[in-house]
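These protein sequences, in sequence, are chains A and B. Numbering-wise (my numbering), the first sequence opens with residue 4 and increments by one. Numbering-wise (my numbering), the second sequence opens with residue 405 and increments by one. For each residue, glycine too, the CB sits at the ideal point set by N, CA and C. Keep in mind it's a predicted model, so treat the numbers as computed, not measured. Worksheet: the structure to be examined is printed underneath.
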Amino acid sequence: MTPAFALGDNVVISPRDQPGHVRTPCYLRGRRGRIIQVCGAFPDPELLAQGTLGIPYRVLYRVAFALYAVWPDYAGAPSDDLIADLYEHWLESEEKHP
Amino acid sequence: MSGIDAHDNADHDHTDHGPTPLEREPDPAIALQEMALRELLIEKGIFTADDIRRAMEAMEARSPAMGARVVARAWSDQAFKTALLTHGNSAVATFGVSMGVAELTVVENTPEVHNVIVCTLCSCYPRALLGIPPSWYKSKSYRSRVVRDPRGVLAEFGTTLPPGMKVRVHDSTADLRFLVLPRRPAGTDGWYADALASLVTRDCLIGVAMARAPDTTAL
Numbered sequence: 004m005t006p007a008f009a010l011g012d013n014v015v016i017s018p019r020d021q022p023g024h025v026r027t028p029c030y031l032r033g034r035r036g037r038i039i040q041v042c043g044a045f046p047d048p049e050l051l052a053q054g055t056l057g058i059p060y061r062v063l064y065r066v067a068f069a070l071y072a073v074w075p076d077y078a079g080a081p082s083d084d085l086i087a088d089l090y091e092h093w094l095e096s097e098e099k100h101p
Numbered sequence: 405m406s407g408i409d410a411h412d413n414a415d416h417d418h419t420d421h422g423p424t425p426l427e428r429e430p431d432p433a434i435a436l437q438e439m440a441l442r443e444l445l446i447e448k449g450i451f452t453a454d455d456i457r458r459a460m461e462a463m464e465a466r467s468p469a470m471g472a473r474v475v476a477r478a479w480s481d482q483a484f485k486t487a488l489l490t491h492g493n494s495a496v497a498t499f500g501v502s503m504g505v506a507e508l509t510v511v512e513n514t515p516e517v518h519n520v521i522v523c524t525l526c527s528c529y530p531r532a533l534l535g536i537p538p539s540w541y542k543s544k545s546y547r548s549r550v551v552r553d554p555r556g557v558l559a560e561f562g563t564t565l566p567p568g569m570k571v572r573v574h575d576s577t578a579d580l581r582f583l584v585l586p587r588r589p590a591g592t593d594g595w596y597a598d599a600l601a602s603l604v605t606r607d608c609l610i611g612v613a614m615a616r617a618p619d620t621t622a623l
């Protein structure tokens with residue numbers, strides 16, 4: 004399974020609303036982040052939760068977000084950040100979001 | 405005369421409140437399903453009630469002491485530390501710890517970066533290394549606030565970070581499980597692994613505290 008994104012790529016988290024066992028936290032949807040690790044393919048948790056084998060597998064990435072970009076009124080240090088583990092079908096290329 | 409009779413309700417009454425609710429009480433329908441499935445599997449001889457009891461006992465016997473041993477080894481063995489930071493599962497397997505299907509990711513605290521772990525969606529936690537998570541780790545308060553104001557939440561735990569130190573929050577949303585490798589306290593040069601492990605508490609492995617400083621008065 005070839006990852007669509009690479010280390011250092013900037014991505015935008017899909018802002019879509021989707022019911023079910025979704026592992027993409029709402030507070031990160033629509034936010035911009037950067038890939039810091041490509042973790043390999045895992046069963047899709049949204050499909051696993053429906054009692055299937057989670058096929059197709061999804062590439063998992065660790066994505067870093069500046070906290071001031073997640074929370075516009077963030078009062079900590081500008082370098083503070085957050086890393087979440089997100090599956091490929093929730094990531095969009097930043098080129099789609101000029 | 406029983407102790408209950410001696411309880412005269414002088415400072416409070418029992419009429420206007422029920423028991424304190426747990427944040428997440430088990431769903432009665434799911435509890436019933438679990439009971440039905442368990443009884444059926446026992447009846448069919450798939451496993452025994454004692455098998456279940458032993459499995460629960462083993463799960464609950466896991467404790468942060470294992471995480472502390474792993475950290476103590478990383479502090480005193482550079483090759484092990486490198487392995488732990490790059491291939492967590494195989495590094496902890498040398499301690500007999502199996503992470504199952506999850507991938508252990510160890511994040512190292514340095515003078516520049518402080519790491520803290522949360523699972524905002526539920527309560528993902530490296531149980532094989534740390535045992536059962538503390539109730540605050542599963543609370544909505546911790547889960548919602550540590551991603552919003554990590555420095556404020558850390559200060560509530562007594563951990564105040566200098567403004568120049570970066571805070572990095574790890575939201576454990578998927579198949580990885582996180583362990584913080586705390587900074588080794590000063591004044592511990594030459595310490596044996598058991599003594600080092602005694603400085604490593606559960607909370608510093610989650611990242612809400614630092615490893616304990618050595619008790620210099622005892623030396």
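- Taking 9 Å as the upper bound on Cβ-Cβ separation, chain B lies near residues 77, 78, 79, 80, 82, 83, 84, 85, 86, 87, 88, 89, 90 of the stretch 76-99 of chain A.
- The Cβ atoms of residue 27 of chain A and residue 89 of chain A sit closer than 8 Å to each other.
- Judged by DSSP secondary structure, residue 493 of chain B falls within the alpha helix (DSSP H) whose first and last residues are 492-497.
- Within chain B, no C-beta atom comes nearer than 7 Å to that of residue 8 of chain A; the closest sits roughly 15 Å away.
- DSSP, read as helix, strand or coil, puts residue 51 of chain A in helix.
- Out of B:465, B:468, B:527, B:608, the CA that lies nearest to the CA of residue 511 of chain B is found in B:608.
- Scanning its chain for C-beta atoms nearer than 7 Å, with the 5 sequence neighbours on each side dropped, one finds around residue 502 of chain B the residues 532, in chain order.
- Residue state for residue 486 of chain B is assigned as helix, using DSSP reduced to three classes.
- Taking 8 Å as the CB threshold, residue 60 of chain A stays off the interface with chain B.
- At a cut-off of 8 Å between beta-carbon atoms, residue 71 of chain A makes no contact with chain B.
- The count of Cβ pairs closer than 8 Å, one atom from the stretch 556-569 of chain B and one from the stretch 435-443 of chain B, stays below three, leaving the stretches out of contact.
- Rounded to the nearest whole angstrom, the CA to CA distance from residue 453 of chain B to residue 461 of chain B is 12 Å.
- Taking 8 Å as the cut-off, the Cβ atoms of residue 466 of chain B and residue 528 of chain B do not count as close.
- For residue 549 of chain B, the closest of A:46, A:41, A:74 by C-alpha to C-alpha distance is A:74.
- Leaving aside the five residues that flank residue 61 of chain A on each side, the residues in its chain whose CB is nearer than 7 Å to its CB run, in chain order, 44, 45, 47, 90, 91, 92.
- At least one CB atom of chain A sits nearer than 8 Å to the CB of residue 574 of chain B.
- Just so you know, the alpha carbons of residue 588 of chain B and residue 479 of chain B end up roughly 7 Å apart.
- Cβ-Cβ distances below 8 Å link residue 617 of chain B to 589, 590, 591, 603 in the same chain, with the five nearest sequence neighbours on each side left out; the list follows chain order.
- According to DSSP, residue 86 of chain A shares a beta bridge with A:67, B:574.
- Within chain B, the residues placing a beta-carbon under 9 Å from that of residue 28 of chain A are 524, 525, 551, 575, 577, ordered along the chain.
- Residue 11 of chain A counts as exposed, since fewer than 16 other C-beta atoms from the protein chains shown sit within 10 angstroms of its C-beta.
- Non-local beta-carbon contacts of residue 25 of chain A in its own chain, meaning distances under 7 Å to residues more than five positions away in sequence, involve 49 in chain order.
- Around the beta carbon of residue 64 of chain A, 16 or more other beta carbons lie within 10 angstroms, which makes this residue buried.
- Within chain B, no residue has its CB atom less than 9 Å from the CB of residue 56 of chain A, the nearest being about 13 Å off.
- Pairing residue 94 of chain A with residue 34 of chain A, the inter-Cα distance amounts to about 10 Å.
- A Cβ-Cβ separation of about 4 Å places residue 601 of chain B in contact with residue 476 of chain B under the 8 Å criterion.
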